[in-house]
Amino acid sequence: ALIMPATRRPVANGLAYVGTLIVVMALYGGVVLGLLQGRLIATGSGGVGLLVELLWLGVGVGFLIAFVVLWVRRPAAAESLAEPRWMRLIERLGPLGAAGVGVLLVNYETETPVLADILDARVSGAAAFVALAAFVAVACAVPVLIVVASIVARRRVDPWLSRGKAWFARHNRIILLVLFAAIGAVYTAKGLWALAG
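In this note's numbering, the protein residues as written are 705 to 901.
The following block contains the structure:
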């Protein structure tokens, strides 16, 4: 979202990005809950279903693998100071490309464990979908705020967005390493604990 105001068509691109992000997160969550919610409740078994336990473990291990790959593939010192190539590519996109970025940047890796937790709670379908809606609202709040602020008060927020984008470009690798390690450790441990218990 920090990059959308710097694109050639900031309003159209920003709206396409956040609109797609919200719709795809809701659809992905809705499909997962719709397919699995009734089945897990119908089994009536206590605790977490084997599917959810394996999902936690798979997500955790996936994050730890991503952490190791990112750690091993360290950029040269000069490359680490340059703006990442993916940021430069996004700046040249139009609304259709921004919508594509919205699909690709859906946080599947954090939405999936949340969906597993919702499924584990064994709540009614309505409660599960309310929890999904709350998650989507919270997860999309910052991108929506950034895009709306850049549309409504562009001159006021432009310096902040530029500084935020520059900071993110400088530190994006360490941010990803910390996130991947933390999420990977939590969900690997959670999956192993559930499978062992």
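Even for Gly, the Cβ is constructed at its ideal location relative to N, Cα and C. Just so it is clear, the structure is predicted and the values come from calculations on it, not from any experiment.
>> So, under 8 Å CB-CB, residue 802 and residue 721 are touching, yes? Tell me the CB distance rounded to an integer number of Å.
In response: 4 Å
>> Please identify the residue among 713, 901, 755 and 726 whose C-alpha is closest to the C-alpha of residue 848.
In response: 726
>> Can you check which of these residues, 820, 850 and 854, is closest to residue 762 by C-alpha distance?
In response: 820
> How should residue 823 be labelled, buried or exposed, when 16 other C-beta atoms within 10 angstroms of its C-beta is the threshold for buried?
Replying inline: buried
>> On the CB-based measure, 16 or more other CB atoms within 10 Å of its CB, does residue 891 come out buried or exposed?
In response: Around the beta carbon of residue 891, 16 or more other beta carbons sit within 10 angstroms, so the residue counts as buried.
>> Let's see if you can read the secondary structure: which residues bound the alpha helix (DSSP H) around residue 811?
In response: Premise fails: residue 811 is in no alpha helix (DSSP H) and is neither H nor E.
> Leaving out the 5 sequence neighbours to the left and right, which residues in its chain are closer than 8 Å to residue 815 when beta-carbon positions are compared?
Replying inline: Only 729, 732, 733, 839 and 843 meet the Cβ criterion.
> Helix or strand or just coil, what does DSSP make of residue 845?
Replying inline: helix
> Rounded to whole angstroms, how far is the Cβ of residue 719 from the Cβ of residue 836, which I believe are closer than 8 Å?
Replying inline: Between residue 836 and residue 719 the Cβ distance is about 23 Å, and since that is not below 8 Å, they are no contact.
> So is residue 780 buried or exposed if we call it buried at 16+ other beta carbons inside 10 Å?
Replying inline: exposed
>> Considering just the uninterrupted stretch of the alpha helix (DSSP H) at residue 711, what are its terminal residues?
In response: Counting along the chain, residue 711 falls outside any alpha helix (DSSP H), and DSSP gives it neither H nor E.
> DSSP three-state call for residue 836: helix, strand or coil?
Replying inline: Annotated three-state conformation of residue 836 is helix, per DSSP.
>> Check this for me: beta carbons of residue 830 and residue 741, under 7 Å apart or not?
In response: Not closer than 7 Å, so no.
> Between the Cα of residue 773 and the Cα atoms of 885, 901 and 893, which residue gives the shortest distance?
Replying inline: 885
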